[in-house]
Every structure is written in C-alpha cells, then in structure tokens.
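K.L.:
So this note's numbering is basically just the index in the sequence shown, starting at one, shifted up by 16.
The structure is given below, and queries will be raised subsequently.
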Amino acid sequence: MENKLKLAKEKLIVALDVDTGEAALDLVKKLSTQVGMFKVGMQLFYQAGPDIVKRLKEAGVRVFLDLKLHDIPNTVAQAARGLTALGADIINVHAAGGTAMMRAAAEAVREQAAALGRPAPRVIAVTVLTSIDPTAFQYELGFTCDIQRKVADWALLTRQAGLDGVVASPREIAVIRRACGEDFLIITPGIRPAWSVAGDQKRIMTPAAALGQGAGYLVVGRPITGQADPAAAAQKIITELAEVL
Ligand SMILES: O=C(O)c1cc(=O)[nH]c(=O)n1[C@@H]1O[C@H](COP(=O)(O)O)[C@@H](O)[C@H]1O
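What follows is the structure in structure tokens.
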C-alpha cells in the first residue's frame with residue numbers, strides 16, 4: 017500500500033489558483049508532502065508575477081506553468097523562451113494555434129534550455145477546454161465533428177509538431193492513446209471526486225476513473241484548494257487513486 021500511495025502522489029498536480037505568492041506558498045507548505053507538482057495558471061502568474069515560478073522552484077517542487085500560449089508563431093516562440101528561463105518543468109500552448117505555432121514553441125524551448133545548459137521543460141498543448149460541452153462546441157464554436165474527434169486530431173497534430181503531450185478531459189484519453197500511442201503525455205483537468213461540485217467544468221471524471229483510463233497526471237484545483245483543510249482533501253484523493261493502482 018505504501019508504494020501505491022507514493023505512486024498516487026506522483027500522479028497529482030494541484031492548481032494554485034490563488035491571488036498572491038503568499039497564498040500559493042502557504043498551499044505548497046500544506047501539501048508538499050502529498051503532492052509533487054503544482055500548477056501556476058493565469059490567476060496567480062498575472063497577479064504575483066513571473067518570480068512566483070522561481071520561488072516555487074526554490075521551495076523544491078515541480079512547476080507546470082499553464083499560460084496557454086496562443087498567438088502567431090514568432091510571438092509564442094519568444095514568450096516560450098522567456099518561460100523556459102524561469103525554470104518551469106512543463107509549459108503549454110493552445111493546439112488551436114496550429115502546427116507552425118506549436119513547432120516554433122517547441123524549438124524555442126529546446127534552444128533556450130540548451131543555451132542555459134538545463135533540461136528542456138516539456139511542452140504540451142491544450143486541446144478542447146474541459147469547460148466546453150457538446151452544445152457549446154457545436155453551436156458556439158462552430159465545429160461540425162464531435163469533441164472526441166477534434167481532440168484526437170489535435171493531439172496527433174501536437175505530436176507531429178514535436179510536442180510532448182496534451183491537456184484534455186479524461187473522457188478523451190482512450191482516443192488520444194489510439195491516435196498518439198502510449199508514450200504521449202496526457203494531463204487531465206476536469207477531475208471531480210464524487211464528493212465535490214462540478215462548477216464550470218463540463219467534461220468531468222472522478223480521480224479513480226481518470227487514472228483507470230490511463231491519465232499521466234491529474235490536475236485538481238478547487239476540490240482541494242477550496243476546502244477548509246486542503247491536506248485532508250488531497251489525502252482523500254490520493255487514497256482513492258491508490259485503491260485503483
Ligand atoms: O490547461 C489547463 O490546465 C486546463 C485546461 C482545461 O481544459 N481545463 C482546465 O480546467 N484547466 C485548468 O485546470 C485547473 C482546474 O481547476 P479546478 O476546476 O478547480 O479543479 C484550472 O487551473 C484550469 O485553468
């Protein structure tokens with residue numbers, strides 16, 4: 017069981033969706049014995065500033081820097097270079113930016129990491145956001161295929177562009193695996209334990225079910241950080257994960 021709990025901890029990424037560096041570091045302090053990687057997204061990065069990545073690295077944790085870059089290839093490449101210098105372990109872009117943009121990002125990251133003499137962060141692409149349901153996908157965004165098809169197509173484009181993996185809902189893991197193989201990284205938000213509320217997330221799954229589908233990592237935010245005792249919530253999720261390992 018000890019081994020399974022250790023493996024379960026390795027699977028969990030906690031989203032530090034808070035307003036200040038102090039609040040983020042306080043969560044890390046509470047959770048760092050249970051969680052190996054933390055996600056810095058727009059809410060924290062835009063308010064605490066780039067230095068938060070360095071502070072988290074100094075605290076000894078791995079950092080997924082989730083800024084979902086999406087612009088013309090040159091702009092994204094230059095931004096990705098800057099994020100690489102901050103020391104993030106994973107960065108992401110939007111697959112909707114296209115192959116040229118994704119390739120430019122991946123190349124810029126590798127060049128910058130080589131210039132700094134460090135291992136390159138993994139670069140992954142967000143496919144269809146987990147907050148999008150089939151109705152919005154079809155009638156608001158105007159896609160004519162279903163979400164699974166689009167996610168699988170974008171995952172394949174992502175792999176062909178030389179990236180390391182994708183962000184998708186756990187519901188699409190099977191089609192991504194079929195399109196991109198076993199060694200392609202799949203990170204899944206939209207994780208909702210049975211005891212939590214869905215909120216704005218639409219394509220959700222429980223932690224155990226997502227792991228059963230073969231998720232590489234599970235991103236969990238509010239079901240942990242929104243609780244009075246985040247460490248107890250994280251432990252509950254880790255125990256649920258260990259039961260299916
Ligand atoms: O790229 C992401 O991390 C991401 C992609 C996606 O499709 N859906 C999604 O929820 N996320 C992020 O994952 C986290 C989920 O947080 P909770 O909904 O609070 O568990 C948030 O920080 C989102 O920004």
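For glycine and all other residues, C-beta sits at the position ideal for the given N, C-alpha and C.
Given the structure is predicted, the values throughout are model-derived calculations rather than measurements.
Identify the residues that DSSP records as bridge partners of Lys25: which are they?
P.N.:
Looking at the DSSP assignment, Lys25 forms no beta bridge with any residue, so it has no partner.
K.L.:
Which residue spans inside the stretch 184-212 form an unbroken alpha helix (DSSP H) run of at least 4?
P.N.:
189-196
K.L.:
Measuring only from the beta carbon, is Gln243 closer than 7 Å to any heavy atom that is part of ligand 1?
P.N.:
no
K.L.:
In three-state DSSP terms, what is Ile148?
P.N.:
coil
K.L.:
Can you tell me which of the three DSSP states Ala249 falls into?
P.N.:
helix
K.L.:
Do the stretch 244-251 and the stretch 30-49 make contact, defined as three or more Cβ pairs closer than 8 Å?
P.N.:
Pairwise C-beta distances place the stretch 244-251 in contact with the stretch 30-49, as three or more of them are shorter than 8 Å.
K.L.:
Give a yes or no on contact between the stretch 104-120 and the stretch 170-184, applying the rule of three or more CB pairs nearer than 8 Å.
P.N.:
yes
K.L.:
Going by the C-beta, is Gly232 closer than 7 Å to any heavy atom of ligand 1?
P.N.:
no
K.L.:
How far does the alpha helix (DSSP H) with Ile240 in it reach, from first residue to last?
P.N.:
238-241
K.L.:
Of all the options Leu99, Lys25, Asn90, Ile29, which has the alpha carbon lying nearest to the alpha carbon of Phe61?
P.N.:
Scanning Leu99, Lys25, Asn90, Ile29 for the CA closest to the CA of Phe61 turns up Leu99.
K.L.:
For Phe61, does the three-state DSSP call read helix, strand or coil?
P.N.:
helix
K.L.:
Return yes when the C-beta of Ala250 is under 7 Å from any heavy atom of ligand 1, and no when it is not.
P.N.:
No; taking the cut-off as 7 Å, the Cβ of Ala250 has no heavy atom of ligand 1 nearer than that.
K.L.:
Taking C-beta to C-beta, are Asn108 and Val142 nearer than 8 Å?
P.N.:
yes
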